[in-house]
Amino acid sequence: MDKAKYQSSRVIHCPEFLDGHSVEIPILKILKQDGTVYDTAEMPDIDQALALKMYKTLAFHRVLDERMVAAQRQGRVSFYMTALGEEGAVVGSAAGLNDKDMIMGQYREQGALMFRGFSLENFMNQMFSNELDLGKGRQMPIHYGSNELHYMTISSPLGTQIPQAAGYAYGQKLQGNELCTLCYFGEGAASEGDFHAGLNMAAVHNAPVIFFCRNNGYAISTPSSQQYAGNGIASRGVGYDIKTIRVDGNDIFAVLKATQVARKYAIEHNQPIIIEAMSYRLGAHSTSDDPSGYRTRDEEAKYADHDPILRMKNWLLAQNWWDETQEKALFDTLREEVLAAVKKAEVIEKPPLEELVTDVYDDVPAHLQEQYNNLKEHIKKYPDAYPVTAGRIK
Amino acid sequence: MAQMNLLQAINDALMIAMKEDPSVVCFGEDVGHFGGVFRATSNLQEEFGEQRCFNTPLTEQGIMGFANGLAAQGSVPIAEIQFADYIFPAFDQIVNESAKFRYRSGNEFNVGNLTIRTPYGGGIAGGLYHSQSPEAYFAHTPGLKIVVPRNPYQAKGLLLAAIRDKNPIIFFEPKKLYRASVGEVPEEDYQLPLGKAEVVKTGSDITLLGWGAQMETIEKAAEMAEKKGVSCEIVDLRSILPWDVETVAASVKKTGRLLINHEAPLTGGFAGEIAATIQDKCFLHLESPIARVCGLDTPFPLAHEKEYMPDELKTFEAIMAAINY
Numbered sequence: 415m416d417k418a419k420y421q422s423s424r425v426i427h428c429p430e431f432l433d434g435h436s437v438e439i440p441i442l443k444i445l446k447q448d449g450t451v452y453d454t455a456e457m458p459d460i461d462q463a464l465a466l467k468m469y470k471t472l473a474f475h476r477v478l479d480e481r482m483v484a485a486q487r488q489g490r491v492s493f494y495m496t497a498l499g500e501e502g503a504v505v506g507s508a509a510g511l512n513d514k515d516m517i518m519g520q521y522r523e524q525g526a527l528m529f530r531g532f533s534l535e536n537f538m539n540q541m542f543s544n545e546l547d548l549g550k551g552r553q554m555p556i557h558y559g560s561n562e563l564h565y566m567t568i569s570s571p572l573g574t575q576i577p578q579a580a581g582y583a584y585g586q587k588l589q590g591n592e593l594c595t596l597c598y599f600g601e602g603a604a605s606e607g608d609f610h611a612g613l614n615m616a617a618v619h620n621a622p623v624i625f626f627c628r629n630n631g632y633a634i635s636t637p638s639s640q641q642y643a644g645n646g647i648a649s650r651g652v653g654y655d656i657k658t659i660r661v662d663g664n665d666i667f668a669v670l671k672a673t674q675v676a677r678k679y680a681i682e683h684n685q686p687i688i689i690e691a692m693s694y695r696l697g698a699h700s701t702s703d704d705p706s707g708y709r710t711r712d713e714e715a716k717y718a719d720h721d722p723i724l725r726m727k728n729w730l731l732a733q734n735w736w737d738e739t740q741e742k743a744l745f746d747t748l749r750e751e752v753l754a755a756v757k758k759a760e761v762i763e764k765p766p767l768e769e770l771v772t773d774v775y776d777d778v779p780a781h782l783q784e785q786y787n788n789l790k791e792h793i794k795k796y797p798d799a800y801p802v803t804a805g806r807i808k
Numbered sequence: 158m159a160q161m162n163l164l165q166a167i168n169d170a171l172m173i174a175m176k177e178d179p180s181v182v183c184f185g186e187d188v189g190h191f192g193g194v195f196r197a198t199s200n201l202q203e204e205f206g207e208q209r210c211f212n213t214p215l216t217e218q219g220i221m222g223f224a225n226g227l228a229a230q231g232s233v234p235i236a237e238i239q240f241a242d243y244i245f246p247a248f249d250q251i252v253n254e255s256a257k258f259r260y261r262s263g264n265e266f267n268v269g270n271l272t273i274r275t276p277y278g279g280g281i282a283g284g285l286y287h288s289q290s291p292e293a294y295f296a297h298t299p300g301l302k303i304v305v306p307r308n309p310y311q312a313k314g315l316l317l318a319a320i321r322d323k324n325p326i327i328f329f330e331p332k333k334l335y336r337a338s339v340g341e342v343p344e345e346d347y348q349l350p351l352g353k354a355e356v357v358k359t360g361s362d363i364t365l366l367g368w369g370a371q372m373e374t375i376e377k378a379a380e381m382a383e384k385k386g387v388s389c390e391i392v393d394l395r396s397i398l399p400w401d402v403e404t405v406a407a408s409v410k411k412t413g414r415l416l417i418n419h420e421a422p423l424t425g426g427f428a429g430e431i432a433a434t435i436q437d438k439c440f441l442h443l444e445s446p447i448a449r450v451c452g453l454d455t456p457f458p459l460a461h462e463k464e465y466m467p468d469e470l471k472t473f474e475a476i477m478a479a480i481n482y
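Structure, rendered in structure tokens:
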């Protein structure tokens, strides 16, 4: 607090204490579950084309998630993460951006990448770590990234993207290109030091970044009640003097509206924003997780009634922009396409051996080249032990 | 040519880099108007404005996270960590992020524009937390480059090369020499090669290898040994990662003996890595075991700094032991 603000403080002569609830944090809701809009709600900028694009993205999201969990159960991919129940928060926020804004995700934001047009083949190639994977088969499934689509490659360590987003946005500001960065993270990652470091850096250095917290109630098995005390993640934004808003994360219009306003503000004022989207992780943390060990079916059923996709569908039906025939056709087609794409991607070869040593540096340094040459000779000697690469070594 | 101390040489390199490229940005704790606690960034804010040279909050992980983001965006961040002893809150951002950015994305993104400057080493009565030499922690991380200059001329040329190199670099500055080391430095722009050692003095009986501030110690020890009739070849490694195996191996093949000196503790220090590689490359040429003259396996002391340091006397003794092996 600067001196002037401090001096204008209300003076007290007996101790009074504040807490996380001293500031009332309202929650933005626009769309009801039945597809009607609250009477006084201010709608986001949305037309039929955008609405249908968003809805088709949601549908693709749900189908891909369903099918890939099944593929994992069949042993075809090693790992997958669904975003069941949170699709609206991610697709709604991505839809509120300019397509050239940078998105830095945590790992459960495939919806944003889908909205930007990452192809089904690209998703599959990454998950099967084949030679067409943009990431060259180096990361576990779901660690997508695309320079062309301004979607930063996912990194497993939690929260590292938060201060990076502040820096990225600062660079955008320096270049004056009227773009911003949107950074996703969960309420669990907000416990990492990088969260506090990143928010403070962004606030102090006036970076046009939107911090988007997906508060989905769980970090693997740890409920938010054991993750933080106080008034959610939004209350922390206030402490860093960052413009903060809380939205219903299952209300895609509330998310879209908040993001549209946040983006405009961030760029016009060179300021960070925090959006806390309240949602619920209906699915498991990942295919390696089983929620029955830490929560009840009853609890899940309660939140299943807030499905963001059904909510948007109800609205589309009421606009007469969508009908059940189109719905069935869309989902049937998507399921067929995803299945076909799995079959195609899983037989594509793994990246060649060279990709083991490229991109550590801009060029392969001498010591690494020597290690590579030794490895190559070794594999040639024992080709049966290294079937993935042995046949393709030159 | 101008007479400059090591700080002035670094400041000069930063000036050149910022003048040349408007996307170069310098930041860290106290680096703004104040010019850094050692004054390495003096006058940069006045010259290039607060947007391009500024103070950060006290958050090393924040500084490095911010720097990674800026570099990925295409800007050229030069981030200062005030003391290398305080780099550890940023360890995750450097080791898991900077070093792996290009690899993990399949070169969709990279932070090759990043340079981290940080003062390291003893000699200023700094005790545990203003004296450490943490290069070996980072040398275990593929994707990083590590550079250490020994004097003002080296500092300017290596720093300009580091800033322009397309890989993330940690540039360790020997703070003991900031003002103590003065020398002729060209006023114009020049670069010295990364990943290349320099044979500072040729000799025939033993190779003495070090980097940074310890090069002075090695030179003093060599003078003592020369008086005993021992001809020393002195090599400044300059880059810890990747390091110049070829030059060191060629020297050891010629002299038949190797001594490595560093301030960091012996166990797990970079001398161990060098020794392992050189015995592999030069096994049949070695006439004595490879000697390591290093800091003790203790935290960096205060009252006993003199005893802790791998000084010229310890180095001299080790030279003679190798010769008389």
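Sequence order for the protein chains is A and B.
Counting in our numbering, the first sequence runs from 415 upward without gaps.
Counting in our numbering, the second sequence runs from 158 upward without gaps.
Where is the CB? At the ideal position from N, CA and C, for every residue including glycine.
Computed from a predicted model, the values in this text were never measured in an experiment.
Using a Cβ-Cβ cut-off of 8 Å, Ser290/B does not count as an interface residue toward chain A, since no Cβ of chain A sits closer than that to its own. At a cut-off of 8 Å between beta carbons, Lys727/A makes no contact with chain B. Nearest CB-CB separation between His781/A and chain B: below the 8 Å threshold. In the DSSP annotation of this structure, the continuous segment of the alpha helix (DSSP H) that includes Pro722/A starts and ends at 722 to 733.
Distance from Glu714/A to Leu696/A at the Cβ level is roughly 6 Å; contact confirmed, criterion being Cβ atoms closer than 8 Å. By the neighbour-count definition (other C-beta atoms within 10 Å, threshold 16), Asp454/B is an exposed residue. Residues of the region 762 to 775 of chain A whose Cβ lies closer than 7 Å to any Cβ of chain B, in chain order: Asp773, Val774, Tyr775. Of the residues assessed, Thr412/B falls on the buried side of the cut-off, its CB having 16 or more other CB atoms within 10 angstroms.
Distance from the Cα of Pro722/A is smallest, within the candidate group Lys671/A, Ala743/A, Asn664/A, Pro705/A, for Asn664/A. For the options Tyr717/A, Ser706/A, Arg711/A, Thr710/A, the alpha carbon positioned closest to that of Tyr694/A is the one of Tyr717/A. DSSP lists Glu355/B, Gly367/B as the beta-bridge partner residues of Asp393/B. Sorting Asp362/B, Met221/B, Val305/B by C-alpha distance to the C-alpha of Ala354/B places Val305/B at the top. Counting along the chain, Ile173/B sits inside the alpha helix (DSSP H) bounded by residues 163 to 177. For Asn264/B, the closest Cβ of chain A is nearer than 8 Å. DSSP places Phe474/A inside the alpha helix (DSSP H), whose first and last residues are 462 to 487. Among the residues of chain A, none has a CB under 9 Å from the CB of Thr404/B; the nearest is roughly 11 Å distant. If you ignore the 5 residues before and after Phe625/A, its C-beta comes within less than 6 Å of the C-beta of Cys597, Ile688, all in its own chain and listed in chain order. Between the region 653 to 663 of chain A and the region 617 to 635 of chain A, the count of C-beta pairs closer than 8 Å reaches three or more; the two stretches touch. With respect to chain B, the C-beta atom of Val802/A has no partner C-beta closer than 8 Å. Under the three-state reduction of DSSP, Ala698/A is assigned to coil, being neither helix nor strand.
At a C-beta separation below 7 Å, Ser560/A has these neighbours in chain B: Glu265. The beta carbon of Asp178/B lies closer than 8 Å to those of Val233 in the same chain, with the five residues before and after it left out. For Lys550/A, the chain B residues whose Cβ falls inside 7 Å of its Cβ are Gly263, in order along the chain. Per the DSSP secondary-structure output, Asn787/A pairs with nothing in a beta bridge. The Cβ of Gln208/B sits closer than 8 Å to at least one Cβ of chain A. A Cβ-Cβ separation of about 4 Å places Ala241/B in contact with Tyr277/B under the 8 Å criterion. Using a Cβ-Cβ cut-off of 7 Å, Val618/A is close to Pro214 of chain B, given in chain order.
Not flagged as an interface residue toward chain B: Met554/A, since no C-beta distance is shorter than 8 Å.
In summary, Gln165/B is buried, with 16 or more beta-carbon neighbours lying within 10 Å of its beta-carbon over all protein chains present. The C-alpha of Asn212/B is placed about 27 Å away from the C-alpha of Ser423/A. With a cutoff of 8 Å on beta-carbon distance, Arg209/B and Met175/B are scored as near each other. A Cβ-Cβ contact shorter than 8 Å links Thr275/B with Ile244/B. Every alpha helix (DSSP H) stretch that sits fully inside the region 635 to 718 of chain A and reaches 4 residues is listed by chain position as 648 to 653, 666 to 683, 711 to 718. Residues of the same chain with a CB within less than 6 Å of the CB of Lys471/B, apart from the 5 flanking positions on each side, are Val450 in chain order.
Using a 10 angstroms sphere on the CB of Thr374/B, the tally of other CB atoms reaches 16 or more, which defines it as buried. For Pro299/B, the nearest beta carbon of chain A is closer than 8 Å to its own beta carbon.
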